[in-house]
Amino acid sequence: MTISLASLVAFLALLLSLLAGAMGGEGTPLPGPTPTATATATPSSTPFTPDGRPGQEALLHPGERAVFEAEGERLEVLFVGVTADSRCPVDVTCIWAGEARVALDFVGLMSWEGTLSGDTGASVIVAGWIVTVTDLTPAPRSDRPIAPGDYEARIVVTR
């Protein structure tokens with residue numbers, strides 16, 4: 003049996019993408035939502051990923067999307083929203099920092115839900131792009147709930 007080099011490379015690239023997504027441990031694939039929002043954020047090109055690599059950044063509210071472009075490729079990210087938020091309120095002393103779960107839709111590719119725990123962001127690899135949710139604001143307070151539309155996710159993308 004003979005396998006062409008191109009077939010082997012394509013198979014390995016697919017396998018690595020699948021393994022990277024499955025081994026990320028941060029997310030669980032979700033059924034894709036039907037995007038209805040029209041608001042768009044413009045990515046900047048100066049931020050750095052947690053490991054120091056340059057990337058593109060966008061600040062998104064639920065329902066907003068950003069389009070990232072690099073090396074002739076394009077990735078459209080929709081911030082679906084926050085599915086859970088148990089972070090410790092800033093005006094309370096907690097023994098556990100808590101965590102928040104955010105849902106993103108990579109338009110035309112897949113949906114993903116990742117967990118931000120303490121100061122640790124959530125990352126996933128999508129079609130060769132490394133997408134990291136580095137921050138979620140506002141921080142919770144014990145005296146008032148956060149309305150779903152008030153959240154803002156900071157997303158850094160590298161290719």
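The sequence shown runs 3 to 161 under my numbering. We treat Cβ as the ideally placed atom computed from N, Cα and C, and that holds for glycine. Owing to the predicted nature of the structure, the values given are computational and were not obtained by experimental measurement.
- Per DSSP, VAL109 has no beta-bridge partner at all.
- The beta carbon of ALA72 is closer than 6 angstroms to those of ARG161 in its chain, skipping five residues each way along the sequence.
- For GLY83, the enclosing beta strand (DSSP E) begins and ends at 75-87.
- VAL133: member of the beta strand (DSSP E) spanning 131-139, first to last residue.
- In the DSSP assignment, SER144 falls outside any beta strand (DSSP E), carrying neither H nor E.
- Non-local C-beta neighbours of SER144 in its own chain, meaning closer than 6 angstroms and more than five positions away in sequence, comprise PRO91, ASP93, VAL94, ordered along the chain.
- Secondary structure at GLY151: helix, using DSSP grouped into helix, strand and coil.
- The C-beta separation of VAL135 from GLY123 comes to about 5 angstroms, placing the pair in contact by the 8 angstroms criterion.
- The three-state secondary structure of GLY100, taken from DSSP, is coil.
- Selection PHE70, SER119, THR117 evaluated against GLN58 yields PHE70 as nearest (Cα-Cα).
- Shown here for ASP137: same chain residues with a beta carbon closer than 7 angstroms to its own, the five before and five after excluded, namely ARG156 in chain order.
- In this chain, the beta strand (DSSP E) harbouring ARG67 covers 67-72.
- In the DSSP assignment, VAL126 falls within the unbroken beta strand (DSSP E) covering 124-128.
- Under DSSP, the beta-bridge partners assigned to THR160 are ILE132.
- Checking the DSSP bridge columns, you'll see GLY120 has no partner listed.
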